[in-house]
Amino acid sequence: MAKFAKERDWDHFHTPRNLLLALVGEVGEVSEIFQWKGEVPKGLPDWKEEEKIHLGEELPDVLLYLIRLADMCGIDLGKAALRKLQLNAIKYPAPNKYTQHP
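Every number in the numbering used here is 1158 more than the matching position in the sequence shown, counting from 1.
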């Protein structure tokens, strides 16, 4: 991602703030795809193929902006995600039940 941005001379645009705002915009685009769908089952069985393709085009935008934002903030996203899983494993031990609202 860093190489891609550098080759296009985008580094001066890619401040953490600008990347965050772009990320939020892309999340908004994904939200619009789901906006009037109600609850959607796993696998999107009732969706048209073009809707699935559209979602497949927008989700990578979210991922790429997240990766770039983490990089520009000096965060190793892979390590941070693994650490977060470890912290969540402590906070939410598997033997406990988490299937009911408090």
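All C-beta atoms, glycine included, are put in the ideal place defined by N, C-alpha and C.
Do the CB positions of D1219 and E1190 come within less than 7 Å of each other? no
If I follow the unbroken alpha helix (DSSP H) through K1210, where does it start and stop? E1207 to M1230
Any chance the CB of F1192 is under 6 Å from a heavy atom of the ligand SAM? Among the ligands in the structure shown, none appear at all, so the ligand SAM cannot be discussed.
Is Y1256 buried or exposed, if buried means 16 or more other CB atoms sit within 10 Å of its CB? exposed
Is the beta carbon of L1178 sitting closer than 7 Å to the one on R1226? no
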